[in-house]
Amino acid sequence: MHRNKTLGQPSTQFRIDAAGWAIGAEHLPSPNFDARAEGTEIALLVIHNISLPPSQFGGPYIADLFLNKLDYDADPYFDQLRPLRVSAHFLIRRDGAVMQFVSAHDRAWHAGVSSFCGQERCNDFSIGIELEGTDFAAFADAQYSALAALTAALKVAYPLMHVTGHEDIAPGRKTDPGPFFDWAEYQARYRLQQKQANTGEPAPDLAFRVM
Numbered sequence: 004m005h006r007n008k009t010l011g012q013p014s015t016q017f018r019i020d021a022a023g024w025a026i027g028a029e030h031l032p033s034p035n036f037d038a039r040a041e042g043t044e045i046a047l048l049v050i051h052n053i054s055l056p057p058s059q060f061g062g063p064y065i066a067d068l069f070l071n072k073l074d075y076d077a078d079p080y081f082d083q084l085r086p087l088r089v090s091a092h093f094l095i096r097r098d099g100a101v102m103q104f105v106s107a108h109d110r111a112w113h114a115g116v117s118s119f120c121g122q123e124r125c126n127d128f129s130i131g132i133e134l135e136g137t138d139f140a141a142f143a144d145a146q147y148s149a150l151a152a153l154t155a156a157l158k159v160a161y162p163l164m165h166v167t168g169h170e171d172i173a174p175g176r177k178t179d180p181g182p183f184f185d186w187a188e189y190q191a192r193y194r195l196q197q198k199q200a201n202t203g204e205p206a207p208d209l210a211f212r213v214m
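Just add 3 to the spot in the sequence shown (first one is 1) and you have this note's numbering.
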């Protein structure tokens with residue numbers, strides 16, 4: 004999926020503070036996390052999509068799920084979510100607003116049973132970013148802008164080497180971010196962020212999963 008849009012000046016910048024929280028994001032600390040093993044290198048960024056109820060955007064339900072505050076009676080679909088205790092580090096809403104639920108220093112519960120390049124338990128060494136969306140519709144322009152800016156900030160703070168989708172680390176079990184996520188657009192916007200930052204000697208580039 005190629006959007007063929009002119010890449011404009013990014014409207015949002017982020018910075019990761021000493022505690023692993025993004026300055027420029029709304030902070031909503033989730034109880035669903037634990038500590039990474041000492042010495043773990045945070046090398047992977049995992050892109051997801053989520054909508055609650057499915058294919059409906061807006062409302063408090065995604066945040067409530069990550070905060071263990073979801074009203075399970077608000078929609079019939081929610082009943083199956085009762086046993087879940089999940090989280091992601093970040094959520095990017097349709098308007099580009101970014102919410103953070105877990106410090107990037109810590110392990111969020113976003114990937115489940117997973118493997119990347121032969122390494123199991125991707126939660127251990129990854130950062131998870133959820134985009135409000137589905138497998139069946141295009142993502143918003145503002146989401147790509149925010150995602151690129153957030154990725155650039157995370158790359159400064161952590162030794163990230165790869166970006167991939169949830170579907171790639173849990174094939175057959177997960178399908179997100181899905182066929183409407185434009186990996187080439189994401190990569191182009193990230194590289195524009197890096198170019199505009201121009202902060203001395205560039206760090207090694209991220210290896211993107213580009214379709």
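For every residue, glycine included, the Cβ atom is placed at its ideal position computed from N, Cα and C.
Rounded to a whole number of angstroms, what is the C-alpha to C-alpha distance between residue i and residue j?
i, j, result
"Y64", "E41", "33 Å"
"A141", "E135", "11 Å"
"P32", "G121", "31 Å"
"L215", "N52", "With the chain covering only 4 through 214, there is no way to say anything about residue 215."
"A22", "M102", "16 Å"
"F60", "S54", "6 Å"
"F17", "W112", "23 Å"
"R212", "F183", "14 Å"
"V49", "D127", "12 Å"
"L70", "L87", "11 Å"
"E133", "G99", "12 Å"
"L195", "T137", "26 Å"
"Q199", "A152", "11 Å"
"I26", "A156", "10 Å"
Under a three-way DSSP split, which group does residue i fall into?
i, result
"N126", "helix"
"R192", "helix"
"L94", "strand"
"K177", "strand"
"D228", "The requested residue 228 does not occur in the structure, where the chain is confined to residues 4 to 214."
"D37", "strand"
"A210", "strand"
"G11", "Residue placement at G11 is poorly supported in this model, since its pLDDT is 38, which falls under 50; the coordinates still yield a value, given next. It is coil, neither helix nor strand."
"A187", "helix"
"K198", "helix"
Would you kindly report the start and end of the unbroken alpha helix (DSSP H) that includes residue i?
i, result
"L245", "Not covered by the structure: residue 245. The range shown for the chain is 4 to 214."
"L68", "64 to 69"
Would you mind reading off the limits of the beta strand (DSSP E) that contains residue i?
i, result
"I53", "47 to 53"
"H165", "165 to 168"
"Q59", "First-last for Q59: undefined, no H or E at that position."
"Q83", "First-last for Q83: undefined, no H or E at that position."
"V101", "101 to 103"
Quick one: is residue i buried, meaning 16 or more other Cβ sit within 10 Å of its Cβ, or exposed?
i, result
"S129", "buried"
"H30", "exposed"
"L163", "buried"
"T43", "exposed"
"F139", "exposed"
"R3", "Here the chain has residues from 4 to 214 only, and residue 3 is not among them."
"E123", "exposed"
"A210", "exposed"
"Y189", "buried"
"R85", "exposed"
"V116", "exposed"
"G175", "exposed"
"I19", "buried"
"A28", "buried"
"P79", "exposed"
Going by the C-beta, is residue i closer than 7 Å to any heavy atom of the ligand SAH?
i, result
"F17", "For the structure depicted, the ligand SAH is absent and the ligand set is empty, with no information on it obtainable."
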